[in-house]
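So for the sequence shown, the working numbering puts the first residue at 178; every next one is plus one.
Where a beta carbon is used, it is the ideal one built from N, C-alpha and C, also for glycine.
All values derive from a computational prediction rather than experimental measurement.
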Amino acid sequence: MMGSPAGEGQGVGGGRVMGSSGGEDQAMVLVSDDGAVSVRDDGVIFVRLGKVELGQGVLTALAQIAADALGADLGQVRMLAASTVAGPDEGITAGSRSISHAGPPLREACARVRAACAAEAARRWGVAPAEVTVRRGEFRCGGRTATYADLAPVADALTAGPPTDTLQAATLQAAALEAEAAPAEEPVFVGVSVPRLDLPDKIAGRPRFIHDLRLPGQLYGRVLRPPSPAARLAGLTPLPDLHVVRDGSFVGVLAETEAAADRALARLRKACAWEDHDSLPDEHDLDTFLRRGPHETITVRTPEDAPPEGEPHAATYSRPFIAHASIAPSCATARWNPDGTLDVWSHTQGVHPLRRALARILGAEVQVHHVEGAGCYGHNAADDVALDAALLAREADGRPVQVRWSRQDELTWAPFGSAMSVDVAAVVDEAGLVRSWRYDVWSQGHLSRPGYAEGTPGLLAGAHLERPWAYPAAVDPSPQGGSGTARNAVPIYDFPRMEITAHRVLETPIRSSALRSLGAFMNVFAIESFMDELALAAGLDPLAYRLAHLSDPRARMVLERAADAAGWGGGAELGLGFARYKGVGAYCAAVAEVEAEQDVRVRRLTIAVDVGQVVNPDGVRNQIEGGATQAASWTLKERVRFDRRAITSGDWESYPILRFSEAPEVAVELVEHPGTPSAGAGEAAQGPVAAAIANALAATLGVRIRDLPLDREAVLKAIQ
178 MMGSPAGEGQ
188 GVGGGRVMGS
198 SGGEDQAMVL
208 VSDDGAVSVR
218 DDGVIFVRLG
228 KVELGQGVLT
238 ALAQIAADAL
248 GADLGQVRML
258 AASTVAGPDE
268 GITAGSRSIS
278 HAGPPLREAC
288 ARVRAACAAE
298 AARRWGVAPA
308 EVTVRRGEFR
318 CGGRTATYAD
328 LAPVADALTA
338 GPPTDTLQAA
348 TLQAAALEAE
358 AAPAEEPVFV
368 GVSVPRLDLP
378 DKIAGRPRFI
388 HDLRLPGQLY
398 GRVLRPPSPA
408 ARLAGLTPLP
418 DLHVVRDGSF
428 VGVLAETEAA
438 ADRALARLRK
448 ACAWEDHDSL
458 PDEHDLDTFL
468 RRGPHETITV
478 RTPEDAPPEG
488 EPHAATYSRP
498 FIAHASIAPS
508 CATARWNPDG
518 TLDVWSHTQG
528 VHPLRRALAR
538 ILGAEVQVHH
548 VEGAGCYGHN
558 AADDVALDAA
568 LLAREADGRP
578 VQVRWSRQDE
588 LTWAPFGSAM
598 SVDVAAVVDE
608 AGLVRSWRYD
618 VWSQGHLSRP
628 GYAEGTPGLL
638 AGAHLERPWA
648 YPAAVDPSPQ
658 GGSGTARNAV
668 PIYDFPRMEI
678 TAHRVLETPI
688 RSSALRSLGA
698 FMNVFAIESF
708 MDELALAAGL
718 DPLAYRLAHL
728 SDPRARMVLE
738 RAADAAGWGG
748 GAELGLGFAR
758 YKGVGAYCAA
768 VAEVEAEQDV
778 RVRRLTIAVD
788 VGQVVNPDGV
798 RNQIEGGATQ
808 AASWTLKERV
818 RFDRRAITSG
828 DWESYPILRF
838 SEAPEVAVEL
848 VEHPGTPSAG
858 AGEAAQGPVA
868 AAIANALAAT
878 LGVRIRDLPL
888 DREAVLKAIQ
């Protein structure tokens, strides 16, 4: 079983290493001044960043960047799990920004390591640094060779501490600067589909996930959730033979085994009495709930001129609350140490923000170590369960405690992606082209991660304690961070006049937070559905209509590539969707082919994507395929169900997701632009795929469905 207290890293060659409290420190020479890159005395190069592996393959891509910047062989590089003990604080792994944000500083750190070692080789050999080359981890000049293991100890003196010989240090510094300025070699690994670091263990079923973690003396905990968001614990019948932990309305149990913990939880549930009342909105009238407010009004675009005269085309679109619905429920392990400090092992997307939130609630020094969990793109319950584990471990006399949520907990208590409603209207000219565009979107906020809302911890159990921590309504990321409600609310098209406003709900009893692509999924669905409606009203082909409003050459290239690959205009009833993620990220165009006999099914998705510089082509395709499949599930099936008191969709029957047998065929075309900045692929497909499916369904059936999901019930309602 997994036994490393600090998580693991793995190189391409398959070799395992311990985490921050493990064996790699025993013979390690630090040569990067930010602590991200270090070299062991056998030449193995360790990289520890703040970004985490979520199943998206990001550590593989970052290893490729590191290997090229170092001039090392990929097999020399070992990627270590993020930890607050060591490595940089890079916030959260989210927003399709890992490559664009972590890649450049990693490349720079590795270049400094390489330059320092090259400078030391040049000093030893009495040559200019420009004469020293490095490839596959070997420095060469005139038949002489040296490795990172040979050079790192002396190079460390340059970067890690005060020099003992000022003349030598000055020489090394000058040489390092010169080496750093030398032209970079052609990339060896960037742009190549190298094997994923994380897949061998997962395919073989070897222990790798947080659920597999087993520490000496480990106990197992379960937390009893209230019956509804408004419920408070009114009474608890004593259970003297169980280890019950209570703090206000937070109540849980400890046991020696998982099975015993489950049995104890069942008994605890019967022993609790709750005060409860209705607090949730009407599930069947979310539009009224979202528009009632109160709101923060966010002006995204304000035109200076008056709108043109003419009768506008108008439509309203909506989506319900949707869940993360990870295959494996959230899990965490915590241990209180004799000195009063706390160690937490978590599959959080941000080890440093979680550490700060836990420290604020618990009043202790906390260290958080990342261990992989079931992939989740967004803020699910990984952070919440970490506080659960810490609260139960506080009563465990120094023994570590692992807490795993149930499926019902995961589907009813983790934050949801917000319900949204959109009004869009356009005035067109005689040819049917857009002259004026107005867009209003209503939503809850899309961010309640640890530390949001002026430092609010944002952890579920905190709101249930005797001295509770407030859990305000979710906020939105800043415009610089891509916004939330207004993400992708600005169309990519060249409309001469645009008025765009977002309305964020300020009071809500339903938790919402970041779910893959945030507001972009709904906004692109609405914009692209309306573009099809305008094209059809003008009697124009939907592809030609988009191109008539589009001057960006990269955008046009992606649209045309997707259409050509899908056989657009060949007679099949197809649907198109297109966007540039956040307006500054990856371009993505999707073409869908659907069937609608007994149920709506997506037969095929053809997707073209431009992510700039491609680090790992296979990784980009995997991300697009995964995002497209998830978007198809959201579009066709998913809806959080609730009555006026509680969430009721707590299993796979009441919250269905796309089955493997229903997954569409997905073909991905990469439109490559080497030498341009890399953009993330993880969230690019969400909105375009939803719109493509809706537009294909409209083309197939001749009726337009504007409210998600596009299930059998919605189709019958639209036809009737």
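D828 and Q585 have their alpha carbons spaced roughly 6 Å apart. Excluding the 5 residues flanking it on each side, R301 has same chain C-beta neighbours closer than 8 Å at A323, in chain order.
Of A640, P654, D884, the smallest CA-CA separation from R409 is found for A640. Counting along the chain, R881 sits inside no beta strand (DSSP E), nor does DSSP assign it H or E at all. The beta carbon of V422 sits closer than 6 Å to those of G429, L569, E572, all from its chain and outside the five residues before and after it, given in chain order. In this structure the region 504-521 does not touch the region 758-778; the number of beta carbon pairs closer than 8 Å is below three. In the assembly as shown, A286 is a buried residue. Its beta-carbon has 16 or more other beta-carbons within 10 Å.
Around C294, the same chain offers F316, Y325, L328, A329, A332 as residues with beta carbons nearer than 7 Å, after the five sequence neighbours per side are excluded. By the Cβ-count criterion, D565 is buried, with 16 or more other Cβ atoms from all chains shown falling within 10 Å of its own Cβ.
Per DSSP, reduced to three states, the secondary structure at D520 is strand. As summarised for the region 270-319, the continuous beta strand (DSSP E) elements at least 3 residues long and confined to that stretch are 310-312, 315-318, given in chain order. DSSP lists no bridge partner for M708. For V543, the beta-bridge partners assigned by DSSP are L519.
Within the region 370-444, complete beta strand (DSSP E) segments of at least 3 residues are found at 396-401, 409-413, 420-424, 427-432, given in chain order. Going by C-alpha positions, H850 is about 14 Å away from V369. Of the other Cβ atoms in all chains shown, 16 or more fall within 10 Å of the Cβ of P506; this residue is therefore buried.
Residue nearest to V761 within the set E770, S660, G716 is S660 (criterion: CA-CA distance).
Under DSSP, V367 takes part in no beta bridge, so it has no partner.
With contact defined as three or more Cβ pairs closer than 8 Å, the region 573-593 and the region 250-265 are not in contact.
Looking only at A591, F427, L419, E676, the smallest Cα-Cα distance to D561 is reached by A591. Cα atoms of A559 and T479: separation of roughly 39 Å, rounded to the nearest angstrom. A direct Cα-Cα distance of roughly 10 Å separates R612 from D671. Judged by DSSP in its simplified three-state form, W745 adopts coil rather than helix or strand. Taking C-alpha positions only, G232 is separated from D375 by approximately 8 Å. Short of 6 Å from the beta carbon of D729, and not among the five residues preceding or following it, lies no beta carbon of its own chain. With a cutoff of 7 Å on beta-carbon distance, V528 and H501 are scored as not near each other.
Using a C-beta cut-off of 8 Å, the region 807-816 makes contact with the region 862-878, since at least three inter-stretch Cβ pairs fall below that distance.
The alpha helix (DSSP H) runs of length 4 or more contained entirely in the region 593-658 are, from start to end of the chain, 629-632. Between the C-alpha atoms of G796 and A240 there is a straight-line separation of about 13 Å.
The Cβ atoms of E890 and V843 do not sit closer than 7 Å to each other. In the structure shown, Q579 falls within a strand segment according to DSSP collapsed to helix, strand and coil.
Bounds of the alpha helix (DSSP H) holding A891 are 889-896. For H490, DSSP records a beta bridge to A603. For I242, the enclosing alpha helix (DSSP H) begins and ends at 235-247. Per the Cβ contact rule, the region 621-638 is in contact with the region 530-537 (3 or more Cβ pairs under 8 Å). For G762, there is no enclosing beta strand (DSSP E), as DSSP gives it neither H nor E.
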